[in-house]
Every structure is written in C-alpha cells, then in structure tokens.
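Engineer: Residue numbers for the sequence shown follow full-length UniProt numbering, beginning at 152 and rising by one.
Where is the CB? At the ideal position from N, CA and C, for every residue including glycine.
Only a predicted model underlies this, so the values are computations on that prediction, with no experimental measurement involved.
Have a look at this one before I ask anything.
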Amino acid sequence: RHYLIEAAPLPAKAEAGAWLMVYDITEQTLAEQVRKDFVANASHELRTPLTLINGYIETLQSGLIKDETAMRRCLDVMEKHGKRIIRIIEDMLTISRLENGSSALNLEPFTARSCVQDALDHLSPMLEGRDTRIQLDFPPDGGQMVGDRFYWDQLFTNLLENAIKENPNPGLILKVTGQWFADHCLLTVADNGIGIAAHDLPFVFKRFFRGHKHHSPEIKGTGLGLSIVRRTVEAHGGTIDLTSTPGVETTFRIRVPLAATSLG
Ligand code: ADP
C-alpha cells in the first residue's frame, strides 16, 4: 500500500507536540499508474503506424518511385496504417465513454440471440471457405435483455472475432449459449482454438495486451477488444471471467443481473 504522511505543529497554546496525519493513497496511486500506462501504451501504439506512414510519404516525395504499381502499393500500405490509427482511436473513445459507467448507456430491450446473429453476419467474410460449426443455444424467446444494444453487438463481435482469428484449426467450432435465471442471465462464448496460456490469463482484459505471437501484423487487432468487452459488462452491472485449455478450448462467461438492466 502507499501512504502520504503529513506533519503539522499543534496550535500555539497546546502542549508540545505535532499532528501526524497518515493518508492511505493506494487507490489514487494505482489509478494514476493505470492512467500513465494507458497514455504511454496509446502513444506507442499510435506512433508505430504514424511513423510508417511518414516513411512512405518521404519515399513518395523523394520521387524515387516511378512505377505506378509500386506507388499504388505504397498508398495501400499507408491506407492500412491510417485505418489502424482510426480503429485504435475509436476503441479508446469507446473505453473512455464506458468508463462513465451506466450513464453512457442507451437502454433498450432486445434478445441476446439477435445480437449474436448480427455479430455472426458481420463476421461472415472471415468464415468464408472455413469449415465452421456454429452452435447457438438460447431460451425459446431468444433471451430477453435490456441494455445498450450498440455495446452488446460490439461485445459479441469482439468475442467471436477473437474466437475466429485465434483459431487455425480447419474445423472451427463456435458455441454461444444463454441461460436465464431469476435474477441474472449467464452468457457463454466458446471456441476450440489455440487457447490462452495460463501466464497470459491475468492480462487479457488489460488495455493493449496482445498475445505475444501477435506482434506480427497479419493478425489484426488493437489489443483493446477485451477491455471494451469487460467495460461493457461492468457498465451493465455484470461480471466476466474465462477459462482456457491451450490447444483445446476457450470459454468466456458473462453474468449480468436482470434487475440492473431493467427499464423499469
Ligand atoms: P486483440 O484481439 O486486438 O489482440 P483483445 O483485447 O481482443 O485484443 O485480446 C487480447 C489477447 O487475448 C489477444 O491478442 C489474444 O492473445 C488473446 N485472446 C483473446 N481471445 C482469445 C481466444 N478466443 N482464443 C485465444 N486467445 C484469445
């Protein structure tokens, strides 16, 4: 823990001595550290694509590239890095909005099944040509929820996108379930992909954390997806955890109280 100690003399008429004040500033110190890390990581993540774009601009300005195909390739790469910068900034804005808690939410009724279906439709280009088995298991009414649909769509998209891209298996299995209880619902998203090593588990919800293999540019992502997922669940009063057996499966479990999201 972190403490701040302040000493002050006693008023003149009092007996000799001094006030000693001890403040527990652990929470502030940790919050400040999280903020500093966020700024440092965000700057680093944005600087990399910006530096690359500047490099390409300089190359084009030098006039050394005359061939139209090569010029077009440079522009395509610049566009890709530009899009990455926009995605990082959009993700950061989403996190900062969600950090305001439920006040950031626009509550409306919808079904969990429709959200999952929309996310799968959105991700269908990633599934093209892959042997995919999708199992959806929801109550007959589709699983009634009240929440901010925009964020729930994004939550299922983030979880399913990870499940697809972290899965090199020819046979891809995606399983999404929803169970409704008296006061909460339990949503699970599972895949049969590469899984997450035990030493990475404590970090996956941290901003900008990416599995180490991902420093290669082929697998897209900002490292903010699961932070947004966790913030979304927390803004709706819920909790999220996961279990993973590397090489076998990964399951995310979300519990959301029904009362907290009631329009009531
Ligand atoms: P991103 O996907 O942009 O890298 P995320 O915050 O969504 O960032 O995920 C953080 C990391 O957690 C990923 O880089 C990956 O290593 C790991 N991860 C997330 N979901 C899965 C999954 N379903 N299977 C295996 N690893 C996963």
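What residue from Q295, L258, L274 and G372 has the CA that sits closest to I236's CA?
Structural biologist: The residue with the shortest Cα to Cα distance from I236 is G372.
Engineer: Would you be able to state if there are at least three C-beta pairs under 8 angstroms between the stretch 271-284 and the stretch 237-248?
Structural biologist: Cβ pair count under 8 angstroms is below three, so no.
Engineer: Would the C-beta of E178 count as close to the ligand ADP, meaning under 6 angstroms from any of its heavy atoms?
Structural biologist: It does not: the Cβ of E178 is nowhere closer than 6 angstroms to a heavy atom of the ligand ADP.
Engineer: Give the DSSP-derived three-state secondary structure of G206 in the structure shown.
Structural biologist: Note: G206 maps to helix in three-state DSSP.
Engineer: Compute the Euclidean distance between the alpha carbons of I156 and T177, then round it to the nearest angstrom.
Structural biologist: Going from the Cα of I156 to the Cα of T177 covers about 13 angstroms.
Engineer: What distance in whole Å lies between the Cβ atoms of R406 and L249, which are believed to be in contact at a cut-off of 8 angstroms?
Structural biologist: Contact doesn't hold; Cβ gap of about 18 angstroms is too wide.
Engineer: Run through the stretch 220-308 for me and flag every whole alpha helix (DSSP H) of 4 or more residues, listed as ranges in chain order.
Structural biologist: List check, alpha helix (DSSP H) in window: 263-278.
Engineer: Could you check what DSSP says for T412 in three-state terms: helix, strand or coil?
Structural biologist: Per-residue confidence for T412 stands at a pLDDT of 48, beneath the threshold of 50, marking its modelled position as unreliable; the derived number appears in the next sentence. Of the three classes helix, strand and coil, the one that applies to T412 here is coil, per DSSP.
Engineer: For R361, is the beta carbon positioned less than 6 angstroms from some heavy atom of the ligand ADP?
Structural biologist: Answer for R361: yes, Cβ within range of the ligand ADP.
Engineer: Measure the Cβ-Cβ separation of V340 and V355 and say whether it is below 7 angstroms.
Structural biologist: Contact flag unset, no.
Engineer: If you compare alpha carbons, which of G298, A314 and H195 is closest to A386?
Structural biologist: The option with the nearest alpha carbon to A386 is G298.
Engineer: Can you have a look at I204 and say buried or exposed, based on whether 16 or more other CB atoms are within 10 angstroms of its CB?
Structural biologist: Under this definition I204 is a buried residue.
Engineer: Looking at C-beta atoms only, is the number of pairs between the stretch 299-318 and the stretch 335-351 that lie closer than 8 angstroms three or more?
Structural biologist: Result yes; three or more Cβ-Cβ pairs closer than 8 angstroms.
Engineer: How far does the alpha helix (DSSP H) with G376 in it extend, from its first residue to its last?
Structural biologist: Here the alpha helix (DSSP H) through G376 covers G376 to A386.
Engineer: Mind reading off the beta-carbon distance from V228 to Y207? Whole number of angstroms is fine, and I expect it under 8 angstroms.
Structural biologist: Contact holds; Cβ gap of about 6 angstroms.
Engineer: Buried or exposed for T396, going by 16 or more other Cβ atoms inside 10 Å?
Structural biologist: Its Cβ having fewer than 16 others within 10 Å, T396 is exposed.
Engineer: Do M215 and C225 have their C-beta atoms within less than 7 angstroms of each other?
Structural biologist: The question names Met, but residue 215 is Leu in the sequence shown. For L215 and C225, no; Cβs fall outside 7 angstroms.
Engineer: For a test of the three-state rule: what should DSSP assign to P353, helix, strand or coil?
Structural biologist: In the structure shown, P353 sits in a helix (DSSP, three-state: H, G or I).
Engineer: Find the nearest neighbour of R264 within the set I246, L375, P290 and S247, judged by alpha-carbon distance.
Structural biologist: Per the Cα distances, P290.
Engineer: Express the C-alpha separation of T202 and I246 in angstroms, rounding to a whole number.
Structural biologist: The straight-line gap from Cα to Cα measures roughly 25 angstroms.
Engineer: Return the Cβ separation of L323 and R281 in integer angstroms, given the expectation that the two are a contact with Cβ distance under 8 angstroms.
Structural biologist: That belief holds up - the Cβ atoms of L323 and R281 are roughly 5 angstroms apart, short of 8 angstroms.
Engineer: Unbroken alpha helix (DSSP H) runs of length 4 or more, entirely within the stretch 180-205: which are they?
Structural biologist: Fully enclosed alpha helix (DSSP H) runs of 4 or longer: not present.
Engineer: Given the structure, does S327 come close to the ligand ADP, in the sense that its CB is under 6 angstroms from one of the ligand's heavy atoms?
Structural biologist: Checking the sequence, you will find Val at residue 327 rather than Ser. Checking every heavy atom of the ligand ADP against the Cβ of V327, none is found closer than 6 angstroms.
Engineer: Is T339 helix, strand or coil by DSSP?
Structural biologist: It is a strand residue.
Engineer: So is the beta-carbon of L271 under 6 angstroms away from any non-hydrogen atom of the ligand ADP?
Structural biologist: L271 Cβ: outside cutoff for every heavy atom of the ligand ADP.
Engineer: Comparing the CB of N313 with every heavy atom of the ligand ADP, is any distance shorter than 6 angstroms?
Structural biologist: It does: the Cβ of N313 is within 6 angstroms (strictly closer) of some heavy atom of the ligand ADP.
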